[in-house]
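A quick write-up on the structure given underneath.
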Amino acid sequence: MPGGPTSGRSFNGKSKPQVVSGYQVAERHLQSFEVCYQRGQIGKAFSHLSLALCILPQIKEQYYSRYLDIFERWSATVEENNGFQQAMTIFEVALTRYPDSPDIHHLLAKTLYRNGNIHEAWTYAVMAQKACTHDPNAQETRARLTNALVDRWHLPMLNDANRNSAFKRAIEAAVNQGYDVVLDIGSGSGLLSVYAKRAGARAVYACEVDKFMCDMSGNILQANFNEPDIQILGRHSNSLAVPTHIPERVSLVVSETVDAGLLGEHILPTLQHAWQNLLLPPLPQSEPSGQQEQEQPSSAQGSGANNQDESIKCPSPSLFGKVIPQKAEVFIALISCDYISRQTRLKNTNLPFFNGRRVSVKLEEPYMSEKLSQVPGGFTRLSNWISLTSINFNSLNDIERHLSGDIDRTLAIPCIKSGVPDAIVLAFNLYLNEDDYISTNPETCSTLWENAVYPVLDLPKVTAGEVVEIELNCSGIIKLSVLSENRNEDDCVNLSVETLMFLNSQCTVNAFLSAAKQAEAILKNQSKSRTPDPFIVCDTTPFPVAGLSLRSEFPNCKLYVEEENVQKMLKEIDIDAHLCEDLEDEVDILFIWPVTKEGTLKDGLIKKLLMYRLMMAETCYVFPQTLELVIGLINSPALGSMTRVDDSNTCGVKIADVFNIVKTQHHLDVPLDALPHSLIIQEPIPVLKLSLTTADTEAADRMEEARSSRSDNMLVLGGEVVRYTTEITIPEASTVTGLPYWFIMSGTSSGTHPETTERAASALLNSSITLSSRGPDSPCNQSILMLEEPLRVEEENKRVALKVSWREGVFGADVQVI
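Just remember that this note's numbering sits 1 ahead of the position in the sequence shown, which is counted from 1.
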């Protein structure tokens, strides 16, 4: 009724009775939220609080932390019970309430990543990390997604100035000859496409199946051309057709779809399809010989004799097709290498668990890849380099010969030195034309490629002059094996690389066996007053040497392992074990292995430690008991070239501003002692100690410590934030590029268990056992945190601050001049 008592009043555009009603409804939802929250009804609590926030958005800040708490738990429950798509509906609700929440963006990134949506996950991870620049969880998630999106070899490849200039020269020469309609297969960043366009190509098509790389290359083209006239085809070249996808057959295909084994990225079927469906016919000329008999691969990228056929001077080359690279020459050699053998076969002969069966690595691929020029301890070549084959990429017949198995044969390789053959290694010369080639010889060349390594698993020591027969099989991928090796699979136990490295680390195995002796003394003391119930032993190491040692003394003890693949491996050698996730009884003995072979802490370590803590008996023996994080300071230009792109290496093409959004901040699995680098400080800095018994952390003695559950530039979720800062003196002017880190583990049972009356047992219990994840005998490599930008220290004895942020086992570090 006009003129009524409330008709002329409003609040935020609503009449007063509506505002009161809204508050009342919101209050009822908040009350229901509290009741459901106390009862553990997380789904209902989430719904009530979401509705209250919708009605009263002004209370969003007040309830932010609690909303995140129930949202995290409820979204995880929905995903586990109802699947990914249902979980996404929960995220949609949360994002309508808090569209700019870095915590929700972070959780969404992890959920998308877990379910294979890497591109979309990366977008949300970037948003979270930009809002919380110092949070180690946000940094780690973005780094993992970056590594998942872009193969790390892209960075050193783009920084390989010699490789880039060689491709540029070859492409320019071909375009100038008239091969001016270009298809770049596996175009990646689009660098080769830019070379072709700048050389004057009439049309350029860039074919790249990876969506993220397509987006990146589009931005790179925009940065280099006012109107980039290069068509990006976001599909595999084998699905291209003329004229459906490109209007005409092309005269030039450029491609670098090669790997350490040359053919592992399926370049042969790719080029076969291209010659049959996309390329003009090849220029008529005599076929080159299939074999290039040379004693060894050429030592460096360089020039060869120009023996082009006169038909190359054909006045109309645009009527014919051509491929860059032109050909490849492949070589193999036998080597002895301790670093490879430690990953591929059991060398520790003192272990009794395998009953004389051969123990070796289980490979999912025909070969491993190693940068042989930088393996720890180096390698010894036991034979000359022997020519394996030569492939002419401009001959469809030659391509099909290598696809059909026609080159399969047995090669006799004479040994020039005595030693144990650990691997057959492969190197190649990749000819871009007759004048330019790239070599992957690990002894004389510096190149971006690693070398294919075919493990030799059962060949004893050879002597100089002895001949080893190698079997070659090639049906698109080169496979090599020693003909005389024992191939009885029933007599073989296959282990992972991680397990073999662990078992081949004499120091590590001895440390755990010593810990088992300590535990044995404790159990013997307890068994005097204990009921017949079996002892419970948990061994989370890659192979439970300590747990099995205890079981040999106490046959009725129950052994638990952490990984299902370890349980299956033990079953293969007739050993029964249970999974830790099935634990119901108190744990008497706990052996922990907290570090991955890549040199990082295991995912979810803190949560697992807290779980074990709840299951520990009062007298539980734990080894190791403490883990200390130490950090070094290094300068490594070699590592810098693997971290970010420098435009000075790309022959004038602007790439860095676009590509460096995916620069590497965290290098994993680095053999630090073999990496070219210089030490900035001689001794590493102790940062913190983590108790593997309680999961508590404490700062190293000389470091300042600050703790907080919420601080600026930090996520709310993720647990307590612990920050450490210490000052370091840099002795001379230098540049800091990276912070390698590793872990020192130690344990002693002194003072933590009941007194033993036996003098020998007492001495054993008081002994200390220490392990390091760095060293020639360690089963781990190291990981390195890269600085955002290299830190240049201009003066001697300059003080810098090392700042570390730790959050439940995930950490980040930085160095700043004081």
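We put the beta carbon where it would ideally sit given N, CA and C, even for glycine.
Query raised in the report: By how many angstroms is the C-alpha of Thr441 removed from the C-alpha of Ser447?
Result: Distance between the alpha carbons of Ser447 and Thr441: 8 angstroms.
**Report entry** Cut-off 8 angstroms between Cβ atoms - residues of its own chain near Arg236, not counting five sequence neighbours on either side
**Finding:** Short of 8 angstroms from the beta carbon of Arg236, and not among the five residues preceding or following it, lie these beta carbons of its own chain, in chain order: Cys208, Val210 and His246.
Query - Stretch-stretch touch, CB-based, cutoff 8 angstroms, three pairs: the segment 363-373 with the segment 654-669 - result: Contact between the segment 363-373 and the segment 654-669 is absent, because fewer than three Cβ pairs lie under 8 angstroms.
**Report entry** Straight-line gap, Arg115 to Glu80 (C-alpha atoms, nearest Å)
**Finding:** In this structure, the straight-line span from the alpha carbon of Arg115 to that of Glu80 is close to 11 angstroms.
Query - Beta-carbon proximity list for Ala122, same chain, < 6 angstroms, skipping 5 on both sides - result: Excluding residues within five positions, the ones whose Cβ falls inside 6 angstroms are Ala110, Leu113, Tyr114 and Leu146.
Query raised in the report: Would you report the Cα separation of Pro791 and Glu470, rounded to the nearest angstrom?
Result: Spanning the two alpha carbons is a distance of roughly 50 angstroms.
Query raised in the report: Quick one, which of Gln273, Leu263, Thr134 and Leu460 has its alpha-carbon nearest Ile400's?
Result: Out of Gln273, Leu263, Thr134 and Leu460, Gln273 has the C-alpha closest to the C-alpha of Ile400.
Report task. Please determine, among Cys338, Leu263, Phe321 and Ser256, the residue with the shortest C-alpha to C-alpha distance to Pro285. Result -> For the residues Cys338, Leu263, Phe321 and Ser256, the minimum Cα distance to Pro285 belongs to Phe321.
Query - DSSP state of Tyr438 mapped onto helix, strand, coil - result: Collapsing the DSSP output to three states places Tyr438 in a strand.
Query raised in the report: Mapping DSSP to helix, strand and coil, what is Tyr180?
Result: It is coil, neither helix nor strand.
Query raised in the report: What's the gap between the Cα of Pro377 and the Cα of Asp423?
Result: Per the coordinates, the alpha-carbon of Pro377 lies some 15 angstroms from the alpha-carbon of Asp423.
Query - For Asn566, the first and last residue of its enclosing alpha helix (DSSP H) - result: For Asn566, the enclosing alpha helix (DSSP H) starts and ends at Glu565 to Glu573.
Query raised in the report: Does the distance from the C-beta atom of Leu691 to that of Thr738 stay below 8 angstroms?
Result: Going by C-beta atoms, Leu691 is not nearer than 8 angstroms to Thr738.
Query raised in the report: According to the neighbour-count rule (16 or more other Cβ atoms, all chains shown, within 10 Å of its Cβ), is Val646 buried or exposed?
Result: By the neighbour-count rule (16 or more Cβ atoms within 10 Å), Val646 is buried.
**Report entry** Short Cβ contact (8 angstroms threshold) for Ile635 with Ile681
**Finding:** Yes, these two residues count as a Cβ contact at 8 angstroms.
Requested in this report: Could you name the residues of the same chain whose beta carbon sits closer than 6 angstroms to that of His106, not counting the 5 residues immediately before and after it, in chain order?
Outcome: So the qualifying residues of the chain are Tyr125, Met128 and Ala129.
Requested in this report: Give the range of the alpha helix (DSSP H) segment to which Asp339 is assigned.
Outcome: The continuous alpha helix (DSSP H) containing Asp339 extends over residues Asp339 to Thr345.
Query raised in the report: Which stretch, first to last residue, makes up the alpha helix (DSSP H) that contains Asp216?
Result: Unbroken alpha helix (DSSP H) run through Asp216: Lys212 to Asn225.
Query raised in the report: Between Glu173 and the rest of its own chain, which residues show a CB-CB distance below 6 angstroms, the 5 nearest in sequence each way excluded?
Result: The answer, listed in chain order, is Ala200.
Query raised in the report: Quick one: what does DSSP say Leu772 is sitting in, helix, strand or coil?
Result: It is a strand residue.
Query raised in the report: Quick one: is Ile392 buried, meaning 16 or more other Cβ sit within 10 Å of its Cβ, or exposed?
Result: By the C-beta density criterion, Ile392 is buried, having at least 16 other C-beta atoms within 10 angstroms.
Query - Beta bridge counterpart(s) of Gln232 as assigned by DSSP - result: In DSSP, Gln232 forms a bridge with Tyr206.
Report task. Could you tell me whether the Cβ atoms of Gln821 and Trp743 are closer together than 8 angstroms? Result -> Residue 821 lies beyond the residue range present for the chain, which begins at 2 and ends at 819; the question has no answer from this structure.
Requested in this report: Specify the secondary structure class of Val546 as computed by DSSP and reduced to three states.
Outcome: Looking at Val546 - three-state DSSP - the assignment turns out to be helix.
Requested in this report: Report yes if the C-beta distance between Val182 and Glu249 is below 8 angstroms; otherwise report no.
Outcome: Against a cut-off of 8 angstroms, the Cβ pair of Glu249 and Val182 comes out as a contact.
**Report entry** Secondary structure of Cys581, DSSP reduced to three states
**Finding:** In the three-state reduction of the DSSP assignment, Cys581 falls in the helix class.
Requested in this report: Starting from the C-beta of Ala275, find all residues in its chain whose C-beta is less than 8 angstroms away, skip the five residues before and the five after it, and write them out in chain order.
Outcome: Cβ within range, chain order: Leu184, Ile186, Ser238, Val254 and Val324.
Requested in this report: Could you name each continuous beta strand (DSSP E) segment of 3 residues or more that falls completely within the segment 705-749, going from the start of the chain to the end?
Outcome: The qualifying runs are 705-709, 722-731 and 735-748.
Query - Environment of Tyr725 [buried if 16+ CB atoms lie within 10 Å] - result: Counting the other CB atoms within 10 Å of its CB gives Tyr725 a total of 16 or more, which places it among the buried residues.
Report task. Would you check if the segment 640-659 and the segment 130-138 touch, i.e. whether three or more CB-CB distances between them fall below 8 angstroms? Result -> No: the two stretches stay apart, fewer than three of their Cβ pairs being nearer than 8 angstroms.
Query - Cutoff 8 angstroms: Phe34 Cβ touching any chain C Cβ - result: Annotation note: the requested chain C is absent from the structure, which comprises a single protein chain.
Requested in this report: Note the first and the last residue of the continuous alpha helix (DSSP H) segment covering Leu150.
Outcome: Unbroken alpha helix (DSSP H) run through Leu150: Pro137 to Leu150.
Query raised in the report: Where do the ends of the beta strand (DSSP E) carrying Arg800 lie?
Result: Looking at the DSSP string, the run of the beta strand (DSSP E) that includes Arg800 is Lys799 to Arg808.
Report task. With a threshold of 16 other CB atoms inside 10 Å of the CB of Asn307, please say whether the residue is buried or exposed. Result -> For Asn307, the pLDDT reaches just 39, beneath the cut-off of 50, and the residue's location in the model is therefore unreliable, leaving the point undetermined.
Query raised in the report: How is Glu1 classed by DSSP in three states: helix, strand or coil?
Result: Outside the modelled stretch of the chain, which goes from 2 to 819, sits residue 1, for which no answer is possible.
**Report entry** Pick from Gly41, Cys55, Tyr38 and Leu580 that is closest to Tyr24, judged by C-alpha positions
**Finding:** Among Gly41, Cys55, Tyr38 and Leu580, the Cα nearest to that of Tyr24 belongs to Cys55.
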